[in-house]
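Below is one structure, written out as structure tokens; comments come after it.
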Amino acid sequence: MISFLIFISVFLFMECVTWLTHKYIMHGFMWYFHADHHQPKYEHTFERNDIFFVIFATPSITLFYFGVQGGFNYLFFIACGITLYGACYFLIHDVLIHQRFKWFKNTKNKYLIGLRKAHKMHHKHMGKEHGECFGMLFVPFKYYRM
Numbered sequence: 024m025i026s027f028l029i030f031i032s033v034f035l036f037m038e039c040v041t042w043l044t045h046k047y048i049m050h051g052f053m054w055y056f057h058a059d060h061h062q063p064k065y066e067h068t069f070e071r072n073d074i075f076f077v078i079f080a081t082p083s084i085t086l087f088y089f090g091v092q093g094g095f096n097y098l099f100f101i102a103c104g105i106t107l108y109g110a111c112y113f114l115i116h117d118v119l120i121h122q123r124f125k126w127f128k129n130t131k132n133k134y135l136i137g138l139r140k141a142h143k144m145h146h147k148h149m150g151k152e153h154g155e156c157f158g159m160l161f162v163p164f165k166y167y168r169m
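The sequence shown begins at 24 in our numbering and counts up one residue at a time.
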């Protein structure tokens with residue numbers, strides 16, 4: 024039971040980590056890597072912004088290693104929470120919102136439509152200043168009513 028609580032807590036906490044990282048790191052001192060993501064069209068299959076996938080996967084991989092070495096201890100379940108959030112982030116951000124893969128093109132789900140609207144508002148700002156909606160899975164309710 025405690026393992027499941029760790030897993031779910033970490034998954035939910037990752038939204039806070041994402042918001043803070045996106046606002047203060049990606050739109051801060053690492054803007055160089057994130058800037059191409061705010062351009063209307065991608066010139067290549069990959070963006071400089073994709074480096075964040077590697078950066079965010081590294082702690083999870085490390086925690087998996089030490090969690091397994093420790094007999095599937097709490098570190099393993101922390102890594103599971105981070106990994107599930109990363110998978111959800113990929114499906115929401117890269118697949119649903121930016122359509123880098125054409126899997127969920129015609130959704131009628133109000134939650135998913137709200138996520139797309141909120142992220143569209145984030146991308147209306149081409150520079151690193153004046154951004155909004157830095158999270159991914161939890162967005163202000165106003166975007167569900169629009």
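Glycine residues also receive a C-beta, built at the ideal position from the N, C-alpha and C atoms.
CA-to-CA, the gap between tryptophan 126 and histidine 60 works out to about 20 Å. Phenylalanine 113 and glycine 94 have their C-alpha atoms some 29 Å from each other. According to the DSSP assignment, cysteine 111 belongs to the alpha helix (DSSP H) that extends over 97 to 112. A straight line joining the alpha-carbon of methionine 53 with that of lysine 151 spans about 10 Å. The DSSP-derived three-state label of asparagine 129 is coil. Burial check for phenylalanine 124: the Cβ neighbour count within 10 Å stays below 16, so the residue is exposed.
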